[in-house]
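**Q** So for the sequence shown, the UniProt record's numbering puts the first residue at 1; every next one is plus one. By construction, the Cβ of each residue, glycine as well, lies at the ideal position given by its N, Cα and C atoms.
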Amino acid sequence: MSNEYSIYLVEDEQDLAQVLKAYMEKEGWSVSVFHNGEDALKSAEENKPHLWILDIMLPGMDGYEIIKEIKKTSDIPVIFVSARDQDLDRIVGLELGSDDYLAKPFMPRELVIRVRKLLTRIYETGNRLPQTIEITGYMIDPISRKITRDGEMINLTGKEIDVLLYLIENKGKSRKREEILEYVWGDDYFGSERAVDDVIRRVRKKMPRLNLETVYGAGYRIIPS
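(1) Leaving out the 5 sequence neighbours to the left and right, which residues in its chain are closer than 6 Å to Glu11 when beta-carbon positions are compared?
(2) For Met1, collect the residues of the same chain with a Cβ closer than 6 Å to its Cβ; drop the 5 residues on either side in sequence, then sort them by chain order.
(3) Alpha carbon to alpha carbon, how far is Leu164 from Tyr183? Give it in angstroms, no decimals.
(4) Classify Ile113: buried if its beta carbon has 16 or more other beta carbons within 10 angstroms, exposed otherwise.
(5) For the alpha helix (DSSP H) holding Asp162, just list the boundary residues, first then last.
(6) How should Val203 be labelled, buried or exposed, when 16 other C-beta atoms within 10 angstroms of its C-beta is the threshold for buried?
(7) Can you give, in chain order, each stretch of the alpha helix (DSSP H) that sits fully within the UniProt domain "Response regulatory" (6-119) and has at least 4 residues?
(8) Give me the Cα-Cα distance between Glu69 and Asn155, rounded to the nearest whole angstrom.
(9) Would you call the region 96-113 and the region 136-156 touching, i.e. three or more CB-CB distances under 8 Å?
(10) Alpha carbon to alpha carbon, how far is Ile180 from Asn47?
(11) Out of Tyr5, Leu41 and Gln14, which has the shortest C-alpha to C-alpha gap to Val25?
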């Protein structure tokens, strides 16, 4: 996939929205600005973006309501921005499926860096892998991020797919929790390493035939067969 990514920015502060749009468009990304969730979701019915950036405090639907609607039909990555209680918003956002969180006020360049890292991880990691991966009977398309077994779709969340693809890219090698955290959650994540354990547990439950091993003292690894 090229770097001509489409981004939906939902922000009701019009001056801020235009500044952020200008910074991101300098990166070659296509940025559509919306000042409320209803207009953004209506547009997304026909034009799926590669990434959503959502303010939490919005007129009408707030950011939490918007992400719930997004996740009903897709696993497009989401970055939350908010001027409210950042610890609470970060926790709630992660629970609802957001991929990153940025507390206002922030420098526009910081958002650009976060966006670039997220787009690279989500869309370009798959380009380093084969178009189709077969592992213990599971068929994985790293570009579309779809997984099937015996013709049945297996639904993984964004974080679950990120961890799975990272371990597949390093199959046979153990990866420590802190390595997985830094790659998937980012080096500014300050939560517990148990987040990795929770994702691994869910992947194992959804993909029970996957040879996903715990390497005591060294993290996790996937054995190809």
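**A** In short:
(1) Ala17 and Asp55
(2) Confidence at Met1 is low in this model, with a pLDDT of 39, below 50, so the placement of that residue should be treated as unreliable; the coordinate-derived value is given next. Counting only Cβ-Cβ distances below 6 Å, and skipping sequence neighbours, we find Tyr123.
(3) 12 Å
(4) exposed
(5) Gly158 to Glu169
(6) buried
(7) 14-25, 37-44, 63-73, 86-96 and 108-119
(8) 17 Å
(9) no
(10) 32 Å
(11) The identity of residue 25 in the sequence shown is Glu, whereas the question assumes Val. Among Tyr5, Leu41 and Gln14, the Cα nearest to that of Glu25 belongs to Tyr5.
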